[in-house]
Amino acid sequence: ASRYKGLSKVGMVGMCWGAKVTFLAGASTGLLDCVASCHGSILSKEDAEALNIPTCMLNSKDEPESYRTEMKPILDAKPFAAQNVFMDFPTMHHGWMGTRGTGADTDFTVE
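Shown next as structure tokens:
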């Protein structure tokens, strides 16, 4: 039986500060099936440790190095690690998937 009318899986996507909300929701057992963050802000290794479901992290060139050095190893050690997606977009600026994504300095053909 579905938790949500007509749906068998439910995920959540957060951009910037919304990424923190998705990670907090992903730490709550049974609420969601996966979470995703796009150019996430204010995330910590504690957020990665508490996560109980697969995640997708899409990072711009402006996200902290700690996402790669601290969070990624934690996520890679999770039992669901094979389902995780962790990608860096080295030419994209913070906000490229949201309201800042249409600037003249954004070259989507590169990424």
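Read in the numbering used here, the sequence shown has 27 at position 27, and its numbers run on one by one without any break.
Where a beta carbon is used, it is the ideal one built from N, C-alpha and C, also for glycine.
Can the beta-carbon of Gly136 be found closer than 9 Å to that of Gly18? As shown, the chain starts at 1 and ends at 111. That puts residue 136 outside it, with no answer to give.
Cβ separation of Ala27 and Leu51, assumed to be a contact under 8 Å, to the nearest whole Å: Residue numbering aside, residue 27 sits at position 27 when the sequence shown is read from its first letter. Residue numbering aside, residue 51 sits at position 51 when the sequence shown is read from its first letter. The Cβ separation is near 6 Å, so the contact holds.
Let me check understanding here. Comparing Cα to Cα, which of Gly30, Asp62, Gly6 lies closest to Met92? For the purposes of this step, residue 92 is taken as residue 92 along the sequence shown, with counting starting at 1. For Met92, the closest C-alpha among the options Gly30, Asp62, Gly6 is that of Asp62.
Anyone know if the C-beta pair for Cys56 and Phe89 falls short of 9 Å? As a working mapping, residue 56 is identified with position 56 in the sequence shown. As a working mapping, residue 89 is identified with position 89 in the sequence shown. No, the pair does not count as a contact, with Cβ atoms beyond the cut-off.
Whole angstroms is fine: what's the gap from Phe23's alpha carbon to Lys5's? Counted from its first residue, the sequence shown places residue 23 at position 23. Counted from its first residue, the sequence shown places residue 5 at position 5. About 23 Å.
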